[in-house]
Amino acid sequence: MTLALYRIDDRLIHGQVVVGWGQPLHVTFIVLVDDEVRGSDWEQDLYRMGVPPDMEVIFASVEEAARQMASWQADPRVGILLVGDVNTAVSLVEHAPQVRTINVGGVHHRAGRTERLRFVYLTDDEAAKLRQLAARGVAVTAQDVPTAPAIPVVDFT
Amino acid sequence: MSDSSPLRGVIVSHAAVAQALVSAVTVITGIDGALTPVSNEGCGTDALAERLTQAVGSGPAVLFVDLPGGSCLTSSVRYAKQHADIAVVTGVNLAMLLDFVFHRDVAPAEAARRAADAGGKAIRVTAA
Chain A
25 MTLALYRIDD RLIHGQVVVG WGQPLHVTFI VLVDDEVRGS DWEQDLYRMG VPPDMEVIFA
85 SVEEAARQMA SWQADPRVGI LLVGDVNTAV SLVEHAPQVR TINVGGVHHR AGRTERLRFV
145 YLTDDEAAKL RQLAARGVAV TAQDVPTAPA IPVVDFT
Chain B
676 MSDSSPLRGV IVSHAAVAQA LVSAVTVITG IDGALTPVSN EGCGTDALAE RLTQAVGSGP
736 AVLFVDLPGG SCLTSSVRYA KQHADIAVVT GVNLAMLLDF VFHRDVAPAE AARRAADAGG
796 KAIRVTAA
């Protein structure tokens with residue numbers, strides 16, 4: 025098995041990820057790629073509280089993720105990789121070009137962003153960066169839960 | 676805790692769970708205004724933090740969170756770390772809220788422990 029989902033979600037580890045995706049995919053590990061959380065013990069403890077005891081959570085910076093990507097992709101278990109924003113996703117793909125899919129799962133309202141989908145708000149710059157990822161051959165879709173359709177990037181940016 | 680600064684309860688939940696719990700407490704006890712619902716519906720972390728700030732106001736408070744993990748908890752714990760006199764309880768249920776609204780004359784941490792105890796005692800497997 026491998027990393028089954030590379031997801032942008034500003035809530036990081038939460039119910040949709042652990043239960044909504046985790047149950048049907050039989051996920052047993054989550055990789056949370058976030059430079060700030062990587063450096064914060066209390067935030068790591070907080071995110072660990074949100075997963076079952078038999079689910080491993082790995083915290084990594086973008087650079088650490090790039091170095092470990094091959095081993096996670098070869099892992100016999102099923103995992104989900106999470107980043108919190110578009111910029112981190114772009115940086116991850118630049119550092120780890122073997123990432124070939126991006127799921128936009130939850131990017132919420134903030135000043136400067138406009139609604140693209142019910143669960144996706146983007147600035148024009150963020151939308152452009154997602155289209156650029158797609159132009160580089162990364163399959164970028166928006167999908168909050170597995171039962172919803174995957175919406176191609178051209179349809180929400 | 677004086678009567679002029681009553682301890683507030685803020686329920687932080689997915690969807691409409693918080694609102695439903697507030698309504699149930701009011702119907703059962705007749706006490707209105709002790710609890711404030713906050714939903715994470717449509718919220719990122721910034722928006723949920725703003726909803727929490729509005730709900731808590733300036734006074735001491737106990738944040739009752741639905742699940743022991745996820746966006747409601749992470750936002751609540753972040754808020755508690757940034758503000759004094761805030762306690763957080765997870766696994767909110769109706770029984771703990773019913774006890775809480777009658778025992779708000781203590782510090783947030785003590786109220787949170789009492790509420791967690793009351794809520795836990797309400798979880799039972801009954802005979803058929």
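As given, the protein sequences belong to chains A and B, one line each in that order.
Last residue of the first sequence: 181 in the numbering used here, with the numbers rising by one and none dropped.
Last residue of the second sequence: 803 in the numbering used here, with the numbers rising by one and none dropped.
All C-beta atoms in this analysis are idealised placements derived from N, C-alpha and C, irrespective of residue type, glycine included.
*Tell me, please, whether the CB atom of A/R140 is closer than 8 angstroms to any CB atom in chain B?*
no
*Should A/A84 go down as buried or exposed, given a rule of 16 or more other Cβ atoms within 10 Å for buried?*
buried
*Could you pull the start and end residues of the alpha helix (DSSP H) that A/T171 belongs to?*
Segment: none, A/T171 is in no alpha helix (DSSP H) and carries neither H nor E.
*Tell me whether the beta-carbon of B/V740 lies closer than 8 angstroms to the beta-carbon of B/L748.*
yes
*asked:* Check this for me: beta carbons of A/H132 and B/G717, under 8 angstroms apart or not?
replied: yes
*Sequence-distant residues of the same chain with beta carbon closer than 8 angstroms to A/Q122, five excluded per side*: M93, A94, Q97
_Can you pull out the residues from the segment 701-721 of chain B whose beta carbon lies closer than 9 angstroms to at least one beta carbon of chain A?_
N715, G717, C718, G719, T720, D721
_If I follow the unbroken beta strand (DSSP E) through A/G103, where does it start and stop?_
103-107
*Just mark B/S733 as buried or exposed, buried being the case when its beta carbon has 16 or more other beta carbons within 10 Å.*
exposed
*asked:* So if I threshold CB-CB distances at 8 angstroms, which residues from the segment 33-44 of chain A count as touching chain B?
replied: D34, R35, L36, I37, H38, G39, V42
*Counting only beta-carbon atoms, is A/M73 nearer than 8 angstroms to chain B?*
yes
*Residue-chain proximity (B/T804, chain A), Cβ-Cβ < 8 angstroms*: Residue 804 of chain B is absent from the structure shown; chain B starts at 676 and stops at 803.
_So for A/R140, helix, strand or coil by DSSP?_
strand
*Of the choices B/I706, B/T801, B/Y754, B/G744, whose alpha-carbon is the least far from that of B/Q729?*
B/Y754
*Leaving aside the five residues before and after B/L773 along the sequence, list all residues of the same chain whose C-beta is less than 7 angstroms from its C-beta, in chain order.*
V700, I703, T704
*Contacts around A/Q40, its chain only, beta-carbon distance under 8 angstroms, and the 5 residues preceding and following it disregarded*: D33, G129, G130, D168, V169
_Partner residues on chain B for A/L70, Cβ-Cβ distance less than 9 angstroms_ = G744, L748, T749, V752, R753
*asked:* Counting C-beta neighbours from all protein chains within 10 Å, is the total for B/S677 16 or more, i.e. buried, or is it exposed?
replied: Model confidence at B/S677 stands at a pLDDT of 44, short of 50, so the residue's coordinates are unreliable; what they give is reported in the following sentence. Per the 10 Å Cβ criterion, exposed.
*Could you name the residues of chain A that B/H758 contacts, counting a contact when the two beta carbons are closer than 8 angstroms?*
Under the 8 angstroms cutoff, chain A gives no residues; its nearest Cβ is about 15 angstroms from B/H758.
*Whose C-alpha, out of B/F775, B/R789, B/A759, B/G766, is nearest the C-alpha of B/P743?*
B/G766
*Would you mind stating whether B/V763 and B/L738 have Cβ atoms separated by less than 8 angstroms?*
yes
*Who are the near neighbours of A/P173 in its chain, counting only those whose CB is closer than 8 angstroms to its CB and skipping five residues on each side?*
Q167
_Helix, strand or coil at A/G161 [DSSP, three-state]_ = coil
*Within its chain, find whatever has a CB closer than 7 angstroms to the CB of B/A691; leave out the 5 residues flanking it on each side and keep chain order.*
S714
*Under 7 angstroms Cβ-Cβ, which residues of chain B neighbour A/R134?*
G719, D721
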